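Quick note: to get my numbering, add 166 to the position in the sequence shown (first position is 1).
Here a beta-carbon is modelled for each residue, glycine too, at the ideal position from N, C-alpha and C.
A quick note: this is a predicted structure, and the numbers were derived from the prediction, not measured.
In what follows, a structure is listed as structure tokens, so that the remarks can point back to it.
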Amino acid sequence: MARLELNLTIGYSGKVPTSLLLHPKENDLVYLMGGTVIAKNLRTKEQRCRSQKLQPSNIIRLFQGQSDALSCVAISKSGKYLAAGQNTRQSKSDVIVWDYESGQLIHRLSVHKSSVGAVAFSPNDNYLISLGGLDDGTLALWDLKTGLPICGATASRESAGHTLCLAFSHHNDHVFVTAGEYIVRAWEFDPVAKKLRNTECKLGSLKRVVQCVTIDEKDENIYCGTTTGDVLEISLESKLYRRSGPTKGPLTKGVSSLQLFGNDLLAGSGAGTIAVLNKDTLSTTKLVDVSGESNSQITSIASKDEEVYFGTGDSNIYSMDRSWKPAAYSRNHSSSIHSIAFAHEYSRLFCTSSQGDIRIWNAENGQELVQIAVGNIDCTCLAVSKDGSLILSGWSDGKVRAFGPQTGKLVWSIHDAHQDGITTLAHVAEGNRLLTGGKDGHIRVWNISHSTRSLVTSLKEHKGKIVSIQVNAEGDECVSTSADGSTVVWDLNTFNRKSCVISDHAGKALAVLPDYTQYIHSGVGKKVSFHNCSDGETLRTVEAGGVIHSLALSKDGKYFVSGGEDRLLRFWDYETGRCLVKGDAHSAPITQVAFSPDGRTIVSAR
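Here it is as structure tokens:
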């Protein structure tokens, strides 16, 4: 079966340490997004627009070959190889190695349990070292040419804690270092005996948990970033502690990332600051601050020539040069996306909602245009008013909030619309009404205007949370489905039900034909069912391949898309009920799908 062509990705796994890199030879930014490694060209927008090859998304390569989230990534010094480790619930987690130029998967290395904590290439592309995660605690050295393991070792002594990070020498294929809880070790590979031998570095009376480690370009010093906020300098030759910094005191919330940048050492903190340290003295020469976000921990720093890129725990990417003025390169949601909405008859923009915020995106290039931040509550659903003047949103605190799409400012709100939180909503352009559904199983109908909001009625047929409400163009009928397995067609003039279908499975998704003659429904039963709106009669069912979380119909009603637990986006012919093509870019269950009004774009989210 053919695959859907991927035009654009939005997202970044910013919570993963060292999840962002710069390619040593190409002008590419390489970063993790779920179970995919993405490489983006760093040319300007004008150059991208002139290049048909990179239009519209400037994605040049997607490195896939795994179904689970990735936990670490590395590029070889030559730029020829790319490696990433998995974080899986299975007994074994793989290290995947690709040829960077072709994107071809060349090795799948399997030895570690549950997760891979870190990977690194030897400087001459002969070896790859991998570190198992917290449930594994072992090192494995791999022959990069054959993909076979050469030898392994336990990463830490029993009296110490977990080993958390590693770094290879810049010039010696046989030397690397590891660090973690109260331990720093220098390792040497004996190619004759095929053994790894370690020497524990002497830190004197210091006891530190090291979160990140790097070696300087001359292979003279090891630099360790600690949870207590200091940076340790250790001689690689003598394995002895030399000094610590910053000299003015530790960084707040620890040092979470390190990167050498000429004669500077960049130390990223858990508080959203980057301390620019003199490499020789560890004194602070500059402090860069992006701490205005909810989780702005600096998890990754990459540098090349005179440019620096860094990623944060709230999944944003910034760039800066030696002026030390950070600029947002990419801003992204940091948790699951709950809802997607296009404006009426406008396909160039779309909105998404997640925990604490709503974002408006340019559909052509994936750039964030507006962020509407509310706080540590979930925006569970949203819709755009027909005239485009309002973004209507439902929240887990039970409030409806309406925002201006250009300014992102709150225009009005409805307090306590549903006591246990709002789960879905729909705007009725005719009569200017709003329908909201909640966890309580109730559907509420509201009259709304700029100055007043009033409750019209409450519909109480469902027993479980309302999953979806779909309203016809005239605004006199709607279809609602619930987690209790019931789907009801309502008359919005009399507020009586016209039909009701009870399924054996909890409802998950609903979509209605534009002419409102039929609807499709799916639940945990792994099927899509087709029904008449008039009487609820089941016309047919088709196997969906897994539990479906979201359905969307094209404007002409000829096609629909589904996304769900099996992580596949499926594109269906409505008339025949046949799946025509699949998309497999997601590494986690798909939570939402949407068609653009012009029918040319599908947006899927997780």
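Notebook entry, point to check: What alpha helix (DSSP H) runs, 4 residues minimum, are completely inside the stretch 511–541?
Noted result: Whole alpha helix (DSSP H) segments, 4+ residues: zero.
Note to self: Checking 8 Å against the spacing of the C-beta atoms, do SER107 and GLY251 come in under that value?
What the structure shows: In the structure displayed, the chain extends from 167 to 772; residue 107 sits before or after that span and is not available.
Next item on the list: Can you grab the Cα-Cα spacing for the pair GLY849 / GLY245, in whole Å?
Entry: Outside the shown range of the chain, which is 167 to 772, sits residue 849, and nothing can be said about it.
Margin query: Alpha carbons only, please: which of SER762, GLY702, LEU679, LYS692 is nearest the one belonging to GLY729?
Written below: GLY729 has its Cα closest to that of LYS692, out of SER762, GLY702, LEU679, LYS692.
Next item on the list: Check whether the stretch 179–195 touches the stretch 466–481, taking contact to mean three or more Cβ pairs, one atom from each stretch, closer than 8 Å.
Entry: In the pairwise beta carbon analysis, the stretch 179–195 is classified as touching the stretch 466–481: at least three pairs are separated by under 8 Å.
Item checked: Reference ALA240; option with closest CA among GLU386, GLY420, LEU188 -> Comparing alpha carbon positions, the residue from GLU386, GLY420, LEU188 closest to ALA240 is LEU188.
Margin query: For ASN290, report the span of its beta strand (DSSP E) as first-last.
Written below: Neither: ASN290 is in no beta strand (DSSP E) and is coded neither H nor E.
Item checked: Assigned secondary structure, LYS550 (DSSP; H/G/I helix, E/B strand, else coil) -> Before going on, a small fix: residue 550 reads as Val here, not Lys. Strand.
Checklist line | Alpha carbon of ASN387 to alpha carbon of GLU399, nearest angstrom | finding: Straight-line Cα distance between these residues: approximately 6 Å.
Margin query: Can you tell me which residues form a DSSP beta bridge with HIS273?
Written below: Answer by DSSP bridge pairing, in chain order: VAL263.
Item checked: Counted within 10 angstroms of its Cβ, other Cβ atoms place THR392 as buried (16 or more) or exposed -> THR392 is buried by the Cβ-count criterion.
Checklist line | Nearest-angstrom Cα separation, counted from GLN425 out to ALA433 | finding: Rounded to whole angstroms, the separation of the alpha carbons of GLN425 and ALA433 is 7 Å.
Margin query: Restricting to runs no shorter than 3 residues, where is the beta strand (DSSP E) found entirely within the stretch 303–352?
Written below: As far as the stretch 303–352 is concerned, its whole beta strand (DSSP E) runs of at least 3 residues are 304–309, 315–320, 329–334, 341–346.
Next item on the list: Throw me the rounded Cβ distance for the ILE295 and LYS360 pair, which I believe falls under 8 Å.
Entry: With 8 Å as the limit, ILE295 and LYS360 do not qualify as a contact, their Cβ atoms being about 14 Å apart.
Next item on the list: Measuring alpha carbon to alpha carbon, tell me which of GLU403, ALA284, ALA441, SER519 ends up nearest PRO416.
Entry: The closest CA to that of PRO416, considering only GLU403, ALA284, ALA441, SER519, is found on ALA441.
Next item on the list: Starting from the C-beta of LYS565, find all residues in its chain whose C-beta is less than 6 Å away, skip the five residues before and the five after it, and write them out in chain order.
Entry: SER579, HIS581, listed in sequence order.
Checklist line | Straight-line Cα distance separating VAL622 from GLU534 | finding: Linking GLU534 to VAL622 through their CA atoms gives a straight-line distance of about 36 Å.
Notebook entry, point to check: DSSP three-state call for CYS699: helix, strand or coil?
Noted result: Coil, per DSSP.
Next item on the list: Scan the stretch 437–494 and note each continuous beta strand (DSSP E) run of 3 residues or more that stays entirely inside, going in chain order.
Entry: Listed in chain order, they are 439–444, 450–455, 464–470, 473–478, 483–486.
Checklist line | Within the stretch 627–712, ranges of the beta strand (DSSP E) (whole runs, at least 3 residues) | finding: Within the stretch 627–712, the complete beta strand (DSSP E) runs of at least 3 residues are 632–637, 643–648, 652–657, 662–668, 673–678, 684–689, 693–698, 704–709.
Next item on the list: Tell me whether ASN173 sits in a helix, a strand or coil according to DSSP, three-state version.
Entry: Looking at ASN173 - three-state DSSP - the assignment turns out to be coil, as it is neither helix nor strand.
Check: Would you report the Cα separation of ALA539 and ASP385, rounded to the nearest angstrom?
Finding: C-alpha of ALA539 to C-alpha of ASP385: approximately 45 Å in a straight line.
Check: Which two residues bound the contiguous beta strand (DSSP E) that contains ASP382?
Finding: From DSSP, ASP382 is part of no beta strand (DSSP E); its letter is neither H nor E.
Note to self: Output needed for GLU171: all residues of its chain with C-beta closer than 8 Å, excluding positions within five of it in sequence on either side, in chain order.
What the structure shows: For GLU171, there are no CB contacts under 8 Å within the same chain when 5 residues up- and downstream are skipped.
Note to self: Tell me which residue opens and which closes the beta strand (DSSP E) that GLU399 is part of.
What the structure shows: Residues 397–401.
Checklist line | From GLY532, ALA649, LEU600, SER500, residue whose alpha carbon lies closest to that of GLU643 | finding: Put simply, of GLY532, ALA649, LEU600, SER500 the residue whose alpha carbon is nearest the alpha carbon of GLU643 is LEU600.
Notebook entry, point to check: How far does the beta strand (DSSP E) with GLN758 in it reach, from first residue to last?
Noted result: Looking at the DSSP string, the run of the beta strand (DSSP E) that includes GLN758 is 758–761.
Checklist line | Whether PRO492 touches VAL536 by CB criterion (8 Å) | finding: Cβ distance not < 8 Å, so PRO492 and VAL536 don't count as in contact.
Check: Does DSSP classify HIS278 as helix, strand or coil?
Finding: In the three-state reduction of the DSSP assignment, HIS278 falls in the strand class, which pools E and B.
Notebook entry, point to check: DSSP on HIS791, reduced to helix/strand/coil?
Noted result: Because the chain here runs from 167 to 772, residue 791 falls outside it and cannot be looked at.
Check: Nearest to GLN270 by CA position, among ALA249, GLY283, GLY370, is which residue?
Finding: Nearest to GLN270 by C-alpha distance, out of ALA249, GLY283, GLY370, is ALA249.
Note to self: For a test of the three-state rule: what should DSSP assign to ILE557, helix, strand or coil?
What the structure shows: It is a strand residue.
Note to self: What would DSSP say about VAL376, mapped onto helix, strand or coil?
What the structure shows: Under the three-state reduction of DSSP, VAL376 is assigned to strand.
Item checked: Spatial distance of LEU174 from ASN531 (CA atoms) -> Near 7 Å, if we compare the C-alpha coordinates of ASN531 and LEU174.
Checklist line | Distance, HIS510 Cα to ILE614 Cα | finding: Spanning the two alpha carbons is a distance of roughly 18 Å.
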